[in-house]
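The numbering of the sequence shown is the numbering used here, which starts it at -13 and goes up by one.
No residue lacks a Cβ here, since even glycine has one placed at the ideal position from N, Cα and C.
Below: the structure, in structure tokens.
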Amino acid sequence: MSMPVNADMHCHSTVSDGLLAPPEVVRRAHANGVDLLALTDHDELAGLASARQTANELELNFVDGVEVSVSWGDDTTVHIVALNIDPDNPGLNAGLAQVRSGRDARALLMAAELDAVGIHGAYEGALSYAGNPALVSRAHFARHIAAQGLARDVKSVFDTWLAKGKPGYVPHSWATLEDALGWIHGAGGVAVVAHPGRYRLTGVEMRRLLGEFTEQGGEAIEVISGAHSPEQAREFARYCRELQLAASRASDFHGPGESWIDLGRLPALPDDLTPVWQLFL
Ligand code: AMP
Ligand code: MN
Ligand code: MN
Ligand code: MN
């Protein structure tokens, strides 16, 4: 009898908004019993080489990944996880560089809005967590504001200031869905809709998003996700069956104490679905 693969196809390091350096993420995954891991930093590939080297040392199977920020429809941000991409692909690298290039200006606009509601110095604060202006994220703002004692935790900072509709939220144009899928497929990868249960979409809008994704050649949906309730996992399993998409298992781990679920500590995929890793292993 063979054990099922403990696959985790989505997590973050300090190269984007995670708390652990890429080799530490891999070591923690290994300690948790993960035997197939993808590192998927936001819009950035710089952590993959050192993560892969550590994975090789530990004999852990490693998949090169990235989580691409996409704007879809009427100001909805959707994340598309790319798996098994060639990190040296020029088109993918150029596309991601273009996506990252908007982050610094957005952060300055966010800081101006926060300043107007009495939170001063947020840009400098967020940057001290991010290290790199091209990677500064709302998560870095949230850590800074929480550390100032202005909120109980990172999640409450989002609820009060950073979520869509709150005073520090600034609409932003990320990649188009079509461009993101083109870069991913051009780099030999497969595309996965990240944490679909997190988007505030009506049933009709979700159907349209997943329909466009499928029509444009997208391959999979995160069914088991650190961001999903059991009911959401059942809902997205149904979409996989209906649209004949593969399914992913994905913690979206950002760091100890800051994530819903630790690396690899996830329920199994429903066994009638095709695991996304079967498409490239
Ligand atoms: P950004 O790409 O700058 O818009 O930042 C998005 C990141 O913020 C996500 O990848 C999460 O790491 C984090 N995030 C978004 N919403 C929340 C939330 N409600 N609670 C905690 N973290 C969140
Ligand atoms: Mn994140
Ligand atoms: Mn995401
Ligand atoms: Mn993520």
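Leaving out the 5 sequence neighbours to the left and right, which residues in its chain are closer than 8 Å to residue i when beta-carbon positions are compared?
| i | result |
| --- | --- |
| histidine 35 | Histidine is not the amino acid found at residue 35; the sequence shown has alanine there. Counting only Cβ-Cβ distances below 8 Å, and skipping sequence neighbours, we find Pro73. |
| alanine 93 | Tyr109, Ala112, Leu113, Pro119, Val122 and Phe127 |
| arginine 86 | Asp29, Glu30, Ala120 and Leu121 |
| histidine 171 | Ala177 and Gly203 |
| glycine 197 | Leu229 |
Write down the C-beta distance between residue i and residue j rounded to the nearest angstrom, noting that I regard them as a contact closer than 8 Å.
| i | j | result |
| --- | --- | --- |
| histidine -4 | alanine 24 | 7 Å |
| leucine 187 | tryptophan 147 | Not a contact, Cβ separation roughly 23 Å. |
| serine 159 | glycine 212 | About 27 Å separates the two Cβ atoms, so there is no contact after all. |
| leucine 265 | aspartate -6 | That belief does not hold up - the Cβ atoms of leucine 265 and aspartate -6 are roughly 16 Å apart, past 8 Å. |
| alanine 132 | valine 143 | 5 Å |
Return the chain-ordered list of same chain residues with a C-beta closer than 6 Å to the C-beta of residue i, the five sequence neighbours on each side being excluded.
| i | result |
| --- | --- |
| threonine 40 | Pro9 and Val12 |
| histidine 28 | Ser2 and Glu53 |
| asparagine 75 | Ala173 |
| alanine 166 | Val54, Val56 and Ile66 |
| arginine 124 | Leu148 |
| methionine -13 | Bear in mind that the predicted position of methionine -13 carries a pLDDT of just 49, short of 50, making it unreliable; the figure below should be weighed with that in mind. Excluding positions up to five away in sequence, the list is empty. |
| histidine 214 | Gly183 |
| glycine 154 | Met96, Glu99, Leu100, Trp147 and Leu148 |
Just the C-alpha distance for residue i and residue j, rounded to the nearest angstrom, thanks.
| i | j | result |
| --- | --- | --- |
| leucine 6 | threonine 0 | 6 Å |
| glycine 19 | valine 49 | 16 Å |
| glycine 33 | glutamate 205 | 24 Å |
| valine 103 | leucine 163 | 34 Å |
| aspartate 90 | alanine 116 | 11 Å |
| aspartate 145 | alanine 137 | 10 Å |
| lysine 141 | valine 156 | 18 Å |
| leucine 69 | alanine 97 | 33 Å |
| isoleucine 71 | glutamate 191 | 28 Å |
| valine 209 | glycine 88 | 30 Å |
| glutamine 134 | isoleucine 247 | 26 Å |
| isoleucine 105 | lysine 152 | 13 Å |
| cysteine 226 | histidine 240 | 26 Å |
| proline 216 | leucine 255 | 11 Å |
| phenylalanine 242 | glycine 4 | Strictly speaking, residue 242 in this sequence is proline, with phenylalanine absent from that position. If I take the Cα positions, the gap works out to 9 Å. |
| threonine 26 | isoleucine 207 | 15 Å |
| phenylalanine 199 | lysine 150 | 23 Å |
| glycine 189 | tryptophan 58 | 15 Å |
| arginine 193 | glutamine 218 | 14 Å |
| glycine 51 | glycine 107 | 33 Å |
Out of the options, which one is the CA nearest neighbour of residue i?
| i | options | result |
| --- | --- | --- |
| aspartate 21 | His171, Asn42 and Arg193 | Asn42 |
| glycine 168 | Leu249, Leu78 and Tyr185 | Leu78 |
| histidine -2 | Val209, Asp238, Leu46 and Tyr185 | Asp238 |
| leucine 229 | Ala254, Ile210, His240 and Leu195 | Leu195 |
| leucine 44 | Tyr185, Ala17 and Thr26 | Ala17 |
| asparagine 47 | Val(-9), Gly4, Ile105 and Trp58 | Val(-9) |
Residues in the same chain with beta-carbon distance under 7 Å from residue i, minus the five sequence neighbours each way, listed in chain order, please.
| i | result |
| --- | --- |
| arginine 129 | Tyr115 and Val140 |
| arginine 14 | Leu6 and Leu249 |
| aspartate 257 | none |
| glycine 175 | Ala68, Leu69, Asn70 and Ile71 |
| leucine 267 | none |
### Message
Pairs of beta-carbons, one from the segment 80 to 89 and one from the segment 59 to 68, closer than 8 Å: are there three or more?
### Response
Contact between the segment 80 to 89 and the segment 59 to 68 is absent, because fewer than three Cβ pairs lie under 8 Å.
### Task
May I ask you to verify whether the segment 253 to 262 touches the segment 221 to 234, counting CB pairs closer than 8 Å and requiring at least 3?
Three or more Cβ pairs drawn from the segment 253 to 262 and the segment 221 to 234 lie within less than 8 Å of each other, which places the two stretches in contact.
### Query
For the 8 Å Cβ check, are there 3 or more pairs between the segment 165 to 185 and the segment 216 to 226?
With the cut-off at 8 Å, the segment 165 to 185 and the segment 216 to 226 touch.
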